[in-house]
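Participant: This is the structure, below, for whatever I ask next.
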Amino acid sequence: EVSRDGDEKLLANLGPNDRVRLFPEGENQCFVRHRESYFALEQVNKGATIVVGDGPEEAFVSSRSGGQEQVVAFINDEDEPVVISWIDFEGTSIEMSQLQSNEQFDLKTFVDHVFTISSAETHEVIGQFTIRLDAAIYRTRQVVDAEDHPVMVAIENQTSGHVKLMWRDDDGASHVLGDLAPNTKSVVETYVGHELYFLSSDGTETKSTTIVPSVTMLRATEKP
Numbered sequence: 001e002v003s004r005d006g007d008e009k010l011l012a013n014l015g016p017n018d019r020v021r022l023f024p025e026g027e028n029q030c031f032v033r034h035r036e037s038y039f040a041l042e043q044v045n046k047g048a049t050i051v052v053g054d055g056p057e058e059a060f061v062s063s064r065s066g067g068q069e070q071v072v073a074f075i076n077d078e079d080e081p082v083v084i085s086w087i088d089f090e091g092t093s094i095e096m097s098q099l100q101s102n103e104q105f106d107l108k109t110f111v112d113h114v115f116t117i118s119s120a121e122t123h124e125v126i127g128q129f130t131i132r133l134d135a136a137i138y139r140t141r142q143v144v145d146a147e148d149h150p151v152m153v154a155i156e157n158q159t160s161g162h163v164k165l166m167w168r169d170d171d172g173a174s175h176v177l178g179d180l181a182p183n184t185k186s187v188v189e190t191y192v193g194h195e196l197y198f199l200s201s202d203g204t205e206t207k208s209t210t211i212v213p214s215v216t217m218l219r220a221t222e223k224p
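Each residue of the sequence shown is one higher than the one before, starting from 1 at the first, in full-length UniProt numbering.
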């Protein structure tokens, strides 16, 4: 289970033909499921069923209509070309773009639309993504445990003042990663395991977030 802050919590390990009933904390809860090198990131409502077949292609979830418009970026971290495909409302895969290594593909789409990234050479599916309102960047190596692998995180300032995105290192020292004017967005490069927080112009710090692979966006918001 993936929280709004991007924290991952293990809910279950399933063997062959296992079935488990989960109780998400709220609507539109996001789950990430790992299977060897393949993973899927899905946003589901209560009562939904997630089925994992014998191969990633059997686990496709069809896109759903009616979602809010969202601009997203797909990034190819592989050493080979990859194909970005949209899974339409009938579950059919439609190729959208082919990316060379380290290339990025920007796309205007909708929340609840489903995309896959697959090898252009072997056609093996690398990952499956359900577009979320709080996520703008999707990578071929979204799930990586290595702390030396850089990840891109979108940041947004929804406050009325300037904020800085800060990284607190292992020695407790703080470093500026980004500076945002009111109601602006940006993208920063960071690493899995890094502790990030926002610092307002009056010196107020937000609760820190430890970067995990599922964290793709951080927002600074006004306190209620």
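Each residue gets a CB set at the ideal place from its N, CA and C atoms; glycine is no exception. As the structure is a computational prediction, the values presented were derived from the model and not from experiment.
1) To the nearest angstrom, report how far apart S63 and T116 are at their CA atoms.
2) What residues are listed by DSSP as bridge partners for K164?
3) Have a look at G161, R139 and H162 and flag the residue whose alpha-carbon is nearest the alpha-carbon of V153.
4) By the 10 Å Cβ neighbour count, where 16 or more other Cβ atoms means buried, how is G203 classified, buried or exposed?
5) Name the residue from E69, Q68, S101 and E90 whose alpha carbon lies nearest to the alpha carbon of I84.
6) Roughly how many whole angstroms lie between the Cα atoms of G66 and K223?
7) Count the other CB atoms within 10 Å of the CB of R19; is the residue buried (16 or more) or exposed (fewer)?
8) So for K9, helix, strand or coil by DSSP?
9) What does DSSP give as the partner residues of E185 in its beta bridges?
10) First and last residue of the beta strand (DSSP E) that includes residue 259?
11) Measuring CA to CA, which of I211, M96 and F110 is closest to Q104?
12) Which residues does DSSP list as the beta-bridge partners of S174?
13) With 16 other CB atoms within 10 Å as the buried threshold, where does I211 fall?
Facilitator: Looking at the atomic coordinates:
1) 11 angstroms
2) Paired residues: D179 and L199.
3) R139
4) exposed
5) Checking every option, the nearest Cα to that of I84 belongs to S101.
6) 30 angstroms
7) exposed
8) coil
9) Here residue 185 turns out to be Lys, not Glu, going by the sequence shown. Beta-bridge pairing links K185 to E156.
10) Nothing can be reported for residue 259, as the shown portion of the chain is limited to 1 through 224.
11) M96
12) R168, per the DSSP bridge assignment.
13) buried
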